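Data block below; observations after.
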Amino acid sequence: MTTGTVPELGSIEPNQHGYRDFALGKFSFRRDEYFAHVRWPNGSHMIAVDAFLRAVQRDVAWGFFYGIVNFDAVIGTVNHYGTVDLFAGRFNAQYRQAGLDYSENFKTDVISRLFEAILADWTNAPFDPFAAPEETSGAFGPKNGSNKEAISRHRVTAKRMIGAPGDEPVRTDDNGFPVNRHFTDVPQDAPEVHAEPGFEHEVVSVNLFAYLSRSDVTWNPSVVSVCKNSLYCPTTEEYVLPVIHGNDRVEWFVQLSDEITWEVSDRETGRPRARVTMKAGDVAAMPADIRHQGFSKKRSMLLVWENANPDLPKRYERGELPPYPVEF
Ligand SMILES: [Fe+2]
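Residue 16 is where the sequence shown starts when you use our numbering, and the numbers rise one by one after that.
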């Protein structure tokens, strides 16, 4: 059942640490100086609040993304594209066996509003949930201001391609995107375009490495080119992916620079399946039946290639497609 009519409930009065409590359906959320506490009818869970805010920030920014966003081994969301399940223990074999899992379905805009309200109230002024740990501080302690600028960044979603006329602009010093400290060696030159007469406004070329070297966020795929259902979603990664992504389709990864180690587990149970270390130039297809979390020792560039075909989750569920994309 979709709980579409229940508004998010935030307490008017803050708790003794200065933070408001929130509730949606039968879930409730409370934070103290170190932890987010999540409760549901037959259980409760606590998550370090910096990790919790980083996860909620990704879920909000990605519009719940493709498939499952696990905040950790217990809490997370499933995107049904119009509605979203908020769950506890749903993809944890032990919670399932013990009958302790719980899930509720909400209209997407309702759960978005809840998560946005939590982010706004629980993010302190010095904390940026999108930033690498070395580039931020201050998630902990009693309530200390807010950071609206950090949590409401513009989401890059090109209609055709970044740099194209009327589309998402490229990043420059002047529009507020200096080169990141880990990418000072990335050439900043731009490609030369020699278009045939009459095609001057249709041929576009950008330096994607320069574009990514100026990303001010981590683990946040942005759509830089679109061709029908084929979306190029590159991103810069540093430290740990703040969520464990459960795929509902195959995702291709192209490691553009440096190195990321991926822990790959079964999507339903969390049972470990593989550790994949990707170095610059490596290409991998993440199967449709796994969850994965990345670890990046220094800021690196990753191209995530998504197939946005809305029929895919049902076709994998029905077993029409194998969970991997190629047979060798
Ligand atoms: Fe993924």
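The beta-carbon is built from N, C-alpha and C at its ideal position, and this holds for glycine as well. Predicted, not measured: the structure shown is a model, and the values here were computed from it.
Residues in its own chain within less than 8 Å of Val279 by CB, not counting five upstream and five downstream?
Pro287, Arg288, Ala289, Arg290, Val291, Met301, Ile305, Arg306 and His307
To the nearest angstrom, how far is the alpha carbon of Asp273 from that of Thr92?
30 Å
So, is Asn30 buried or exposed, given that buried needs 16 or more other C-beta atoms within 10 angstroms?
exposed
heavy atom of ligand 1 below 7 Å from His32 C-beta
no
Using the C-alpha atoms, what's the distance from Asp74 back to Ala146?
15 Å
If you measure from the CB of Glu207, is any heavy atom of ligand 1 nearer than 7 Å?
no
Sub-8 Å separation of Val99 and Thr123 beta-carbons
yes
Reducing DSSP to helix, strand and coil, say where Phe224 ends up.
helix
How would the residue list near ligand 1 read, in chain order, if you kept each one whose beta-carbon is closer than 6 Å to any heavy atom?
His260, Asn262, Glu266, Met301 and His307
So, Ile275 versus Gly296, is the Cβ gap smaller than 8 Å?
no
For Gly347, tell me which candidate among Ile126, Glu266 and Ala88 has the shortest Cα-Cα distance.
Here the chain covers residues 16 to 343 and nothing more, so residue 347 does not appear.
Using DSSP's beta-bridge definition, name the partner residues of Gln308.
Glu278
How many whole angstroms separate the CB atoms of Ala140 and Asn159, which I take to be in contact at a CB cut-off of 8 Å?
6 Å
Out of curiosity, what's the CA-to-CA distance linking Val21 and Asp188?
Caution is warranted here: a pLDDT of 44 is assigned to Val21, below 50, making its placement in the model unreliable, and no coordinate value can be reported.
Exposed or buried, which one is Ala103 when buried takes at least 16 other CB atoms within 10 Å?
buried
Taking only beta-carbon atoms, is His260 less than 8 Å away from chain D?
In summary, chain D is missing from the structure at hand, where a single protein chain is found.
Just checking my contact of Ala303 with Pro338 at CB under 8 Å: how many whole Å lie between their CB atoms?
4 Å
Taking all protein chains shown into account, do 16 or more other C-beta atoms lie within 10 angstroms of the C-beta of Thr233, making it buried, or fewer, making it exposed?
buried
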